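Student:
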Amino acid sequence: MNAPADALVVRDMTVARGGVPVLAGLSFRLDPGRVLILRGPNGSGKTTLLRTLAGLQPAMAGTMSQPAEAIAYGAHADGLKAVLTVEENLRFWASVYGTDAVEAAISGFNLTGLRSRAAGNLSAGQKRRLGLARLLVTGRPIWLLDEPTVSLDTASVALFADAVRAHVAAGGSALIATHIDLGLEAEVFDVTPYKAQAATDPAAGGSFDEAFL
Amino acid sequence: MIALLIRDLRLSVRAGGGFGLGLAFFLIVTVLVPFGVGPEEAILAPIAPGILWVGALLACLLSLDRIFQLDYEDGSLDLLATAPLPMEGAVVMKAVAHWLTTGLPLVLAAPVFGALLNMPPEGFLWIMGSLALGTPALSMIGAFGAALTVGLKRGGLLLSLLVLPLYIPTLIFGAEAASRGMAGFEAGTPMLMVAGITLGSLALLPFAAAAALRINLR
Numbered sequence: 012m013n014a015p016a017d018a019l020v021v022r023d024m025t026v027a028r029g030g031v032p033v034l035a036g037l038s039f040r041l042d043p044g045r046v047l048i049l050r051g052p053n054g055s056g057k058t059t060l061l062r063t064l065a066g067l068q069p070a071m072a073g074t075m076s077q078p079a080e081a082i083a084y085g086a087h088a089d090g091l092k093a094v095l096t097v098e099e100n101l102r103f104w105a106s107v108y109g110t111d112a113v114e115a116a117i118s119g120f121n122l123t124g125l126r127s128r129a130a131g132n133l134s135a136g137q138k139r140r141l142g143l144a145r146l147l148v149t150g151r152p153i154w155l156l157d158e159p160t161v162s163l164d165t166a167s168v169a170l171f172a173d174a175v176r177a178h179v180a181a182g183g184s185a186l187i188a189t190h191i192d193l194g195l196e197a198e199v200f201d202v203t204p205y206k207a208q209a210a211t212d213p214a215a216g217g218s219f220d221e222a223f224l
Numbered sequence: 002m003i004a005l006l007i008r009d010l011r012l013s014v015r016a017g018g019g020f021g022l023g024l025a026f027f028l029i030v031t032v033l034v035p036f037g038v039g040p041e042e043a044i045l046a047p048i049a050p051g052i053l054w055v056g057a058l059l060a061c062l063l064s065l066d067r068i069f070q071l072d073y074e075d076g077s078l079d080l081l082a083t084a085p086l087p088m089e090g091a092v093v094m095k096a097v098a099h100w101l102t103t104g105l106p107l108v109l110a111a112p113v114f115g116a117l118l119n120m121p122p123e124g125f126l127w128i129m130g131s132l133a134l135g136t137p138a139l140s141m142i143g144a145f146g147a148a149l150t151v152g153l154k155r156g157g158l159l160l161s162l163l164v165l166p167l168y169i170p171t172l173i174f175g176a177e178a179a180s181r182g183m184a185g186f187e188a189g190t191p192m193l194m195v196a197g198i199t200l201g202s203l204a205l206l207p208f209a210a211a212a213a214l215r216i217n218l219r
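So the protein sequences, as listed, match chains A and B. The numbering of the first sequence is the numbering used here, which starts it at 12 and goes up by one. The numbering of the second sequence is the numbering used here, which starts it at 2 and goes up by one.
1. Where does the unbroken beta strand (DSSP E) through alanine 24 (chain A) begin, and where does it stop?
2. Just to check my reading of the structure: leucine 81 (chain B) and phenylalanine 27 (chain B) have Cβ atoms closer than 8 Å, yes? What is that Cβ distance to the nearest angstrom?
3. Would arginine 15 (chain B) pass as an interface residue toward chain A - the criterion being a Cβ-Cβ separation below 8 Å?
4. Grab me the residues of glycine 109 (chain A)'s own chain with a C-beta within less than 6 Å of its C-beta, minus the 5 sequence neighbours each way, in chain order.
5. State the Cα-Cα distance for the pair isoleucine 29 (chain B) and proline 207 (chain B), rounded to the nearest angstrom.
6. Return the residue from the list B:Gly23, B:Asp79, B:Ala43 that minimises the CA-CA distance to glycine 56 (chain B).
7. Please classify phenylalanine 145 (chain B) as buried or exposed, where buried requires at least 16 other C-beta atoms within 10 Å of its C-beta.
8. Our contact map puts leucine 78 (chain B) next to phenylalanine 69 (chain B) with C-beta atoms below 8 Å; I'd like the distance itself, whole angstroms only.
9. Beta carbons nearer than 7 Å to chain A: which residues of the segment 79 to 112 of chain B have them?
10. Quick check on arginine 50 (chain A): does DSSP put it in helix, strand or coil?
11. Anything in chain B within Cβ reach of glutamate 80 (chain A), meaning under 8 Å, just list it in chain order.
12. Could you give the DSSP three-state label for leucine 214 (chain B): helix, strand or coil?
13. Count the other CB atoms within 10 Å of the CB of lysine 92 (chain A); is the residue buried (16 or more) or exposed (fewer)?
14. Would you decide whether histidine 99 (chain B) is buried or exposed? Buried here means 16 or more other CB atoms lie within 10 Å of its CB.
15. With DSSP as the reference, please indicate the residues paired to aspartate 79 (chain B) in a beta bridge.
16. With leucine 7 (chain A) as the anchor, note down where its alpha helix (DSSP H) starts and where it stops.
17. Note the first and the last residue of the continuous alpha helix (DSSP H) segment covering alanine 110 (chain B).
18. How many Å lie between arginine 151 (chain A) and threonine 83 (chain B) at the Cα?
19. With a Cβ-Cβ cutoff of 8 Å, do isoleucine 173 (chain B) and leucine 118 (chain B) count as a contact?
20. Residue range of the beta strand (DSSP E) that isoleucine 48 (chain B) falls in?
21. Secondary structure at tryptophan 199 (chain B), three-state DSSP: helix, strand or coil?
22. From the DSSP output, in three-state form, read off leucine 5 (chain B) for me.
23. Helix, strand or coil, according to DSSP, for glutamate 196 (chain A) in the structure here?
24. Does the count of Cβ pairs from the segment 145 to 159 of chain B and the segment 37 to 52 of chain B closer than 8 Å reach three?
25. Using 8 Å as the cut-off, can you tell me whether the segment 89 to 105 of chain B makes contact with the segment 85 to 102 of chain A, which would need three or more C-beta pairs spanning the two stretches below that distance?
26. May I have the straight-line CA-CA distance separating valine 151 (chain B) from serine 13 (chain B), to the nearest angstrom?
27. According to DSSP, is arginine 40 (chain A) part of a helix, a strand, or is it coil?
28. Report yes if the CB atom of arginine 1 (chain A) is closer than 8 Å to the CB atom of leucine 19 (chain A), and no otherwise.
29. When the cut-off is 8 Å and only beta carbons count, does aspartate 75 (chain B) lie next to chain A?
30. Would you call valine 113 (chain B) buried or exposed, if buried means 16 or more other Cβ atoms sit within 10 Å of its Cβ?
31. Report all residues from its chain with a CB closer than 6 Å to the CB of glycine 194 (chain A); omit the five preceding and five following residues, and keep chain order.
32. Residues in the same chain with beta-carbon distance under 8 Å from threonine 1 (chain A), minus the five sequence neighbours each way, listed in chain order, please.
33. What span of residues does the alpha helix (DSSP H) with methionine 71 (chain A) cover, start to end?
34. Using the Cα positions of methionine 141 (chain B) and serine 64 (chain B), report the straight-line distance between them to the nearest angstrom.
35. Whole angstroms is fine: what's the gap from glutamate 74 (chain B)'s alpha carbon to aspartate 66 (chain B)'s?
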């Protein structure tokens, strides 16, 4: 898992939201065993970058290389089903990813007492913990996390930091967009200097698609 | 992929899942029609296959927007898209789950509702057969329509308008097969046409629906 081929490498990438470039010329690499914290003000394009890296949208320019089947994406929304229990939610994702780490995920995020509770009855912080526990059942080495600590209390933030530490110690890596200090040993990548210049003249290089975006 | 099917079935039978909505709607249509057109067997029996088919189609339409909308709203569609599951497979499983919760109950209930419409018993097998062959196409075409409109708030209206024209061939051949079979005529040709529509949509539409979903998730 520690071979250089396992790194997530981004070269000269431009990402766009709604057809408008938001970040341009991004280059960084994320090696196994490392944590990279993304910083930048609201609206600076952190989520767009993470969605692009997760493969949900294409990059406007630039390349990225990554090991196959390596990325687990944790979005703003937890993707929980309110009528399923905590355990059922996790079991579903475990079988989608073909892993069997449900028990470790439940105990890792202190959900043991809640396992047969319907996810719809959890508090915001408990839902978030369940959403983060999903990462453990994916068994994927590269975590892309978008504001993972929203609505978590300090104890839960510490639980999350422990989970990331354990993940990194096992040879995984994480790219985390966050505003708070997680107490992790991590490099910080500030996206502010990469803000894309104001949109170019649409008449000049406008492709057919742009009229619809 | 089976996990997704099981999850969707489980969601549909739990509170607020919408299981039975289509069936109840089907029941309402078949109960109301005799009040509207009168109870005479001479009038009701010939139109019964058509009524059952229109009722099944509308009942199907009723639950289409749930196929992807709920997953889109709570973020699980994003997570499914990044999961190792191919999007096309996810679309098929969602359509299968929709058929099992909407289409299959309609097929099984058709003889009972046919009796409410004074349908002669020799037609029961034909209506069940044509519905069994045709409703998978309704679910699959509907899943495609739902994928096209997934990001829209209140996309139900647009979804219905998009999907209804695509439903018409299935309706024509399905109702034709059922009424011909009931009257004792040769019904093989319309049955084969319905089967062809179903197989064609199962073969092509998962790819179209997955492409539409990918665009809508951007």
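Beta carbons are placed, not taken as given, at the ideal position from N, Cα and C, and that holds for glycine. Note that the structure is a prediction, hence the values are computed from the model and not measured.
Tutor: Per the coordinate set shown:
1. Along the first sequence, one-based indexing puts residue 24 (chain A) at 13. In the sequence as displayed, the identity of residue 24 (chain A) is methionine instead of alanine. First-last of the beta strand (DSSP E) with methionine 24 (chain A): 19 to 28.
2. The sequence position of residue 81 (chain B) within the second sequence is 80, counting from 1. The sequence position of residue 27 (chain B) within the second sequence is 26, counting from 1. Going by Cβ atoms, the distance from leucine 81 (chain B) to phenylalanine 27 (chain B) rounds to 30 Å, so no, they are not a contact pair.
3. Your numbering for residue 15 (chain B) matches position 14 in the second sequence. It does: the Cβ of arginine 15 (chain B) has a partner Cβ on chain A nearer than 8 Å.
4. As a first step, residue 109 (chain A) must be located in the first sequence, where it is residue number 98. Close CB contacts of glycine 109 (chain A) within its chain, under the 6 Å cut and outside five residues either way in sequence, are absent.
5. Against the second sequence, residue 29 (chain B) aligns to sequence position 28. Against the second sequence, residue 207 (chain B) aligns to sequence position 206. Each residue's alpha carbon lies about 32 Å from the other.
6. Sequence index remark: in the second sequence, residue 56 (chain B) carries index 55 (1-based). The option with the nearest alpha carbon to glycine 56 (chain B) is B:Gly23.
7. Residue 145 (chain B) sits at position 144 when you count from the first residue of the second sequence. By the 10 Å Cβ count, phenylalanine 145 (chain B) comes out buried.
8. The residue given as residue 78 (chain B) occupies position 77 in the second sequence. The residue given as residue 69 (chain B) occupies position 68 in the second sequence. That pair is a contact at about 6 Å.
9. Within the segment 79 to 112 of chain B, the residues whose Cβ lies closer than 7 Å to some Cβ of chain A are Asp79, Leu80, Ala82, Thr83, Ala84, Pro85, Leu86, listed in chain order.
10. Indexing the first sequence from 1 puts residue 50 (chain A) at position 39. Residue state for arginine 50 (chain A) is assigned as strand, using DSSP reduced to three classes.
11. Counting from 1 along the first sequence, the entry for residue 80 (chain A) is found at position 69. For glutamate 80 (chain A), the residues of chain B that pass the 8 Å Cβ criterion are Pro85, in the order they occur in the chain.
12. Position 213 of the second sequence, counted from the first residue, corresponds to residue 214 (chain B). It is helical.
13. As a working note, residue 92 (chain A) is residue 81 in the first sequence. The C-beta of lysine 92 (chain A) has 16 or more other C-beta atoms within 10 Å across all chains shown, which makes the residue buried.
14. Reading the second sequence from its first residue, position 98 is the one you call residue 99 (chain B). Label assigned to histidine 99 (chain B): buried.
15. Locating residue 79 (chain B) in the second sequence gives position 78, counting from the first residue. When beta bridges are read from the DSSP output, aspartate 79 (chain B) appears opposite no residue.
16. What is shown of chain A runs 12 to 224, which leaves residue 7 (chain A) out entirely.
17. Walking along the second sequence from the start, residue 110 (chain B) turns up at place 109. Unbroken alpha helix (DSSP H) run through alanine 110 (chain B): 105 to 117.
18. For this step, residue 151 (chain A) is matched to residue 140 along the first sequence. For this step, residue 83 (chain B) is matched to residue 82 along the second sequence. Put simply, the backbone Cα of arginine 151 (chain A) is about 11 Å away from that of threonine 83 (chain B).
19. Here residue 173 (chain B) refers to the residue found at position 172 when the second sequence is read from its first residue. Here residue 118 (chain B) refers to the residue found at position 117 when the second sequence is read from its first residue. No. Outside cutoff.
20. Taking the second sequence and counting its residues from 1, the one referred to as residue 48 (chain B) is at position 47. Looking at the DSSP string, isoleucine 48 (chain B) is not in any beta strand (DSSP E); the run it does join, the alpha helix (DSSP H), is 42 to 63.
21. Counted from its first residue, the second sequence places residue 199 (chain B) at position 198. Just to set this straight, residue 199 (chain B) is threonine in the shown sequence, not tryptophan. Threonine 199 (chain B): helix per DSSP, three-state reduction.
22. Residue 5 (chain B) sits at position 4 when you count from the first residue of the second sequence. The answer is helix: DSSP assigns leucine 5 (chain B) an H, G or I state.
23. Indexing the first sequence from 1 puts residue 196 (chain A) at position 185. If DSSP states are grouped into helix, strand and coil, glutamate 196 (chain A) belongs with coil.
24. Three or more Cβ pairs closer than 8 Å define a contact, and the segment 145 to 159 of chain B falls short of that threshold against the segment 37 to 52 of chain B.
25. Touching, no, given that fewer than three Cβ pairs across the two stretches are closer than 8 Å.
26. Sequence index remark: in the second sequence, residue 151 (chain B) carries index 150 (1-based). Sequence index remark: in the second sequence, residue 13 (chain B) carries index 12 (1-based). Valine 151 (chain B) and serine 13 (chain B): Cα-Cα distance of roughly 19 Å.
27. As a position in the first sequence, residue 40 (chain A) is number 29, starting the count at 1. Strand.
28. Residue 1 (chain A) falls outside the range modelled here, since chain A spans only 12 to 224, and no answer is possible.
29. Residue numbering aside, residue 75 (chain B) sits at position 74 when the second sequence is read from its first letter. Yes, because at least one Cβ of chain A sits closer than 8 Å to the Cβ of aspartate 75 (chain B).
30. The residue you call residue 113 (chain B) lines up with position 112 of the second sequence. Result: exposed.
31. As a position in the first sequence, residue 194 (chain A) is number 183, starting the count at 1. If we look at glycine 194 (chain A) and ignore the five residues flanking it on each side, its Cβ neighbours are Ala172.
32. In the structure as shown, chain A begins at 12 and stops at 224. Residue 1 (chain A) is therefore absent and cannot be evaluated.
33. Within the first sequence, numbered from 1, the residue matching residue 71 (chain A) stands at position 60. Annotation for methionine 71 (chain A): no alpha helix (DSSP H) segment contains it, and DSSP assigns it neither H nor E.
34. Stepping through the second sequence from its first residue, residue 141 (chain B) is reached at position 140. Stepping through the second sequence from its first residue, residue 64 (chain B) is reached at position 63. Per the coordinates, the alpha-carbon of methionine 141 (chain B) lies some 13 Å from the alpha-carbon of serine 64 (chain B).
35. Translated into the one-based positions of the second sequence, residue 74 (chain B) becomes position 73. Translated into the one-based positions of the second sequence, residue 66 (chain B) becomes position 65. Taking the straight line from one Cα to the other gives about 12 Å.
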